[in-house]
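With our numbering as the guide, the letters of the sequence shown map in order to residues 1446 to 1571.
Just so you know, even glycine gets a beta-carbon here, dropped at the ideal spot from N, CA and C.
Note that this is a predicted model, so its numbers are computed, not measured.
Heads up, the thing below is written out as structure tokens.
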Amino acid sequence: FRPAPASLFSISPKLSNSTPPAERSSKWRELHEHWRTNLDTVRRMLASADVQLKFVIDTPNDIAEVLTYLKALPEARPDQVWLMPQTTDQASHAAKKTWLEPLAHQHGFHFSPRLHIEKWGNVRGK
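Following this line, the structure appears as structure tokens:
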């Protein structure tokens, strides 16, 4: 960890739903699993700057993993946490938003929609 001048660090901790499938590359999978939870670095960042933690959520079960992660970081406040749906199309975004937004608020977290998906779908360059 090296201190950096910044007004805000936006950190996106990777949940187990981000791990590449074993058939793609076992080496990359192992590296990903090793580095995706780097609590020491996140802890140092929380102590040195304004930080937000954004978790990408695929299913309601992912919330338990977020809560476990945050339990290991008691210095992280709920108002620093953002939940964003894992989606690339408007229909699944709308479906996930119906359960994820209230779930985020229930835990004192923020909900972050994918506005570009809501408006244009899976289109690049808009």
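Inset, instruction - Kindly indicate the opening and closing residues of the alpha helix (DSSP H) around Q1497. - result: Per DSSP, Q1497 belongs to no alpha helix (DSSP H); it is in the beta strand (DSSP E), V1496 to I1502.
Inset, instruction - Keeping to the same chain, check which residues put their C-beta closer than 8 Å to that of Q1531; ignore five residues upstream and five downstream. - result: N1462, V1501, I1502, D1503 and K1541
Legend entry - Residues bridged to H1555 [DSSP beta-bridge criterion]: W1527.
Legend entry - Exposed unless 16 or more other CB atoms sit within 10 angstroms - verdict on D1507: Of the residues assessed, D1507 falls on the buried side of the cut-off, its CB having 16 or more other CB atoms within 10 angstroms.
Inset, instruction - For my contact list, K1459 and R1481 are in at a C-beta cut-off of 8 Å; report their separation, rounded to the angstrom. - result: 4 Å
Legend entry - C-beta atoms of Q1551 and Q1525 nearer than 7 Å: no
Legend entry - For A1451, the nearest candidate out of A1494, E1563 and P1519 (CA to CA): A1494
Legend entry - Three-way DSSP call (helix, strand, coil) for S1455 in this model: strand
Legend entry - Nonlocal neighbours in the same chain, by C-beta distance under 7 Å from K1571, ignoring five residues either side: Its chain contains H1561 and W1565 as the residues whose beta carbon lies nearer than 7 Å to that of K1571, once the 5 sequence neighbours on both sides are disregarded; these appear in chain order.
Legend entry - Sequence-distant residues of its chain with Cβ nearer than 8 Å to Q1535 (five each side left out): I1562, E1563 and G1566
Legend entry - F1556 versus L1515 - alpha carbon distance: 16 Å
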